[in-house]
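Presented below is the structure to which this report refers.
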Amino acid sequence: MHPLLRFRDETLLQQALTHDSYANEHPGEQDNERLEFLGDAVLNFLSGEYLYERFSNLKEGELTRYRAALVDEAQLAQFAIAIGLADRMRLGEGESETGRQKARLLSSTFEAVVGAYYLDRQKQLRMLRPHIHNLFDGVPFRVLSSRADKHPKSRLQELAQLKFGTLPQYVPKRIGGTDHEPLYRARVYIGEQVFGEGRGGSKEAANTQAAEDALKRIEDGLP
């Protein structure tokens, strides 16, 4: 088993693996959504640090694009599979049939496990860093570069800085769906103005669609 999963406190690992569909069917179980939130923040920092140290030739805008590609939903899902999370996720009855192949569930579980491991090691990033950097090392640079150039969130960030001198801010919100198929809406703000809106089955998917919408509006000359 990958060392990332060698927890001192197994209850933290079990919570990290618990999707809300499972928690809803098993009263008393805690889902992994708060741990997912924490893991997302930890991964954003570690990915930024990793790219800063590995690629001294990249400028700020390029680093931003590469980070978006390194921790996007598809890539995190691959990390989840690499460390064996697909078979260990605790899913509700309806979700278990297809959920183990869904990038949305795999990526969110990976984030939750990262958050849980961070807590398990007394919030010491030095204990987590080698495991995460090892996963990052496995992503070929040519693949990362290709994806970075195409990611809508990266393109919007560069454009917002160039045209408006500020960064876009994403505000995702769950608006419906079911435990098995949630639906999120995201709005992207540049300054105080909404520039784009998107929907998707995960926060990341909704954010990406909002970025695409904003790019189209800006390119079309819309306010």
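With the working numbering, letter number 216 in the sequence shown gets 1487, and the count goes up by one each step, no holes.
Quick reminder that beta carbons are idealized off the backbone N, C-alpha and C, glycines included.
Predicted model, so just to flag it, every value in this text is computed and none were measured.
Check: residue 1481: buried (16+ other C-beta within 10 angstroms of its C-beta) or exposed?
Finding: Buried, by the Cβ-count rule.
Item checked: Distance between residue 1374 and residue 1289 (C-alpha atoms, nearest Å) -> Their backbone Cα atoms lie some 16 Å apart in a straight line.
Note to self: Taking a contact to mean a Cβ-Cβ separation below 8 Å, would you say residue 1363 touches residue 1451 in this structure?
What the structure shows: Yes, the Cβ-Cβ distance between residue 1363 and residue 1451 is below 8 Å.
Notebook entry, point to check: When every heavy atom of the ligand NAD is checked, does at least one fall within less than 7 Å of the C-beta of residue 1428?
Noted result: Looking for the ligand NAD in the displayed structure turns up nothing, as the structure carries no ligands at all.
Checklist line | Which residues DSSP lists as bridging residue 1234, in chain order | finding: Since the first and last residues shown for the chain are 1272 and 1494, residue 1234 lies out of range.
Margin query: Tell me which residue opens and which closes the alpha helix (DSSP H) that residue 1378 is part of.
Written below: Unbroken alpha helix (DSSP H) run through residue 1378: 1374-1391.
Check: Would the region 1464-1475 and the region 1405-1420 be scored as touching if the rule is three or more Cβ pairs under 8 Å?
Finding: No: the two stretches stay apart, fewer than three of their Cβ pairs being nearer than 8 Å.
Check: Roughly how many angstroms separate the alpha carbons of residue 1476 and residue 1279, rounded to a whole number?
Finding: So the two alpha carbons sit approximately 33 Å from each other.
Note to self: Suppose you measure from the CA of residue 1272 to the CA of residue 1398; what does that come to, to the nearest Å?
What the structure shows: Confidence in residue 1272 is poor, its pLDDT being 38 and thus under 50, which makes the residue's placement unreliable; the coordinate value appears in the next sentence. Straight-line Cα distance between these residues: approximately 17 Å.
Item checked: residue 1335 in three-state terms, based on DSSP -> Helix.
Next item on the list: Spell out a yes or no on whether the region 1349-1362 and the region 1375-1393 are touching, meaning 3 or more CB-CB pairs, one atom from each, closer than 8 Å.
Entry: Yes, since at least three Cβ pairs between the region 1349-1362 and the region 1375-1393 fall closer than 8 Å, the two stretches touch.
Item checked: Rounded straight-line distance, which links the Cα of residue 1372 to that of residue 1448 -> If you draw a straight line from the Cα of residue 1448 to the Cα of residue 1372, it comes to about 19 Å.
Note to self: Just to confirm before moving on: does the CB-CB distance between residue 1383 and residue 1454 stay below 8 Å?
What the structure shows: Contact: no.
Check: Secondary structure at residue 1453, three-state DSSP: helix, strand or coil?
Finding: The answer is strand: DSSP assigns residue 1453 an E or B state.
Notebook entry, point to check: What's the gap between the Cα of residue 1301 and the Cα of residue 1295?
Noted result: CA-to-CA, the gap between residue 1301 and residue 1295 works out to about 9 Å.
Next item on the list: Go ahead and pull the three-state DSSP assignment for residue 1466.
Entry: For residue 1466, the three-state secondary structure derived from DSSP is strand.
Margin query: At 4 residues or longer, what runs of the alpha helix (DSSP H) sit wholly inside the region 1278-1321?
Written below: List check, alpha helix (DSSP H) in window: 1281-1287, 1291-1296.
Margin query: Cutting at 6 Å between CB atoms, please list the residues of its own chain near residue 1485, excluding the five before and the five after it.
Written below: For residue 1485, same chain residues with a beta-carbon under 6 Å away, outside a window of 5 residues either side, are 1427, 1459, 1466, 1467 in chain order.
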